[in-house]
Amino acid sequence: MIPFFRKIRKTLADDNKPIKYLRYAIGEIVLVVIGILIALQINTWNENRKERFIEQKILLSLNNDLETDISNMKSMISNDSTLNQTNIKLIKLLKDSLAEYNSSYDKMLGNINRYDLFYPQKMGYEALKSRGLEILRNDNLKSQIVNLYDFQYALIAESMDLKKQLYLDTNLIFNEQLQTVINDTSANIGFSFIKTPNDFKALKLNNNFMGNLTHITVEQFNFIIYDRAILKIMETTKANIEHELKK
24 MIPFFRKIRK TLADDNKPIK YLRYAIGEIV LVVIGILIAL QINTWNENRK ERFIEQKILL
84 SLNNDLETDI SNMKSMISND STLNQTNIKL IKLLKDSLAE YNSSYDKMLG NINRYDLFYP
144 QKMGYEALKS RGLEILRNDN LKSQIVNLYD FQYALIAESM DLKKQLYLDT NLIFNEQLQT
204 VINDTSANIG FSFIKTPNDF KALKLNNNFM GNLTHITVEQ FNFIIYDRAI LKIMETTKAN
264 IEHELKK
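Numbering (this note's numbering), first residue to last: 24 to 270.
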């Protein structure tokens with residue numbers, strides 16, 4: 024009887040081998056899948072880490088560019104404001120019937136239609152466009168940056184062109200009434216920003232001269248107002264970039 028039972032147990036054991044093999048195979052598959060998932064997770068983490076590094080590098084470049092731009096914009100606003108105030112003073116002098124010519128007026132007349140220009144730094148933004156805007160995770164910040172560089176800076180470029188055209192339109196008119204003065208202090212740079220009137224009394228009565236001086240003074244003031252508005256946008260964008268970098 025004993026050999027008979029042993030034979031039965033062996034037969035049952037042989038019958039269970041396919042199940043054991045199946046369990047073993049499933050276990051192997053599960054381990055392989057888990058290994059693949061872990062590898063994919065590590066690869067994804069590495070790619071995200073690389074993208075965050077690139078994002079930080081681009082934001083740092085944008086921040087540095089804006090630091091330079093803000094400084095240059097403030098300088099332009101300051102210079103244009105000084106010229107604008109000088110022109111306002113000159114208008115009052117020319118309207119004053121009692122005012123007599125004074126050589127101190129020559130510098131004001133020399134700068135009558137001078138202007139300052141602003142050229143933004145775009146290295147960081149070009150790097151961002153080259154890499155792809157999607158590298159920035161903060162959508163609001165992305166919109167602000169695109170608005171500043173693609174819209175506001177484009178408008179600034181147009182205003183710079185208007186400044187140049189305003190200079191060209193008025194330069195001939197002003198030069199008809201003024202003579203450029205060359206002095207020793209400006210020998211290294213050629214013509215100085217000093218002009219003297221051909222006839223100061225006649226200049227005071229020249230409506231064409233006064234009309235163009237008034238026009239350019241008003242336009243200077245409008246440029247300053249617009250530039251100050253752009254400056255606020257630049258400063259806000261820079262502050263938001265710095266906030267994102269601190270994250």
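Here a beta-carbon is modelled for each residue, glycine too, at the ideal position from N, C-alpha and C.
Remember, it's a predicted structure, so these values are computed and weren't measured experimentally.
Residues near residue i by beta carbon distance below 8 angstroms, same chain, minus five either side
i	result
E90	K261
Cβ neighbours of residue i in the same chain (closer than 7 angstroms, five flanking residues each side left out)
i	result
I81	G147, A150, L151, R154 and I158
A210	With a pLDDT of 45 at A210, under the threshold of 50, the modelled position of this residue cannot be trusted; read the value that follows with caution. Hits under 7 angstroms: none found.
Counted within 10 angstroms of its Cβ, other Cβ atoms place residue i as buried (16 or more) or exposed
i	result
I168	buried
F76	exposed
T109	buried
L201	buried
T259	exposed
L171	buried
Chain-order list of residues whose beta-carbon lies under 6 angstroms from that of residue i (same chain, five-residue window excluded)
i	result
N161	E267
Whole-angstrom distance between residue j and residue i, CA atom to CA atom
i	j	result
L132	I217	7 angstroms
D270	R251	First, the residue type needs correcting, since residue 270 is Lys and not Asp in the sequence shown. If you take the alpha carbons of K270 and R251, they lie about 29 angstroms apart.
P143	I93	9 angstroms
S84	I49	52 angstroms
K255	N87	17 angstroms
G58	Y249	60 angstroms
K273	L113	An answer regarding residue 273 cannot be provided, because it is not within the stretch 24 to 270 covered by the chain.
Y279	S101	With the chain running from 24 to 270 in the structure shown, residue 279 is simply not present.
L60	Q175	46 angstroms
Nearest to residue i (by Cα), restricted to the options the options
i	options	result
M257	E181, L121, I111 and N95	N95
E74	N229, Q144 and L156	L156
D173	Q243, I253, N134 and N231	I253
N263	L140, S166, I179 and N231	S166
L226	F246, D88 and A122	A122
T203	I61, L85 and S126	S126
P220	I239, E199, I61 and T240	E199
L106	K255, F197 and I247	I247
K224	Q64, L63, M99 and Y124	Y124
L178	F141, W68, F197 and E265	F141
Residue i: CB within 6 angstroms of a non-hydrogen atom of the ligand NAP
i	result
T260	As far as ligands go, the structure on display features none, and thus does not contain the ligand NAP.
Below-7 angstroms beta-carbon distance, residue i vs any chain B residue
i	result
F223	Protein chain content of the structure displayed is limited to a single chain, and chain B is not contained in it.
Should the stretch 234 to 244 be called in touch with the stretch 185 to 195, which here means at least 3 C-beta pairs below 8 angstroms? Put simply, the stretch 234 to 244 touches the stretch 185 to 195. At least three CB pairs are less than 8 angstroms apart.
Are the stretch 175 to 183 and the stretch 113 to 122 touching, with three or more C-beta to C-beta distances below 8 angstroms? Segments in contact, no.
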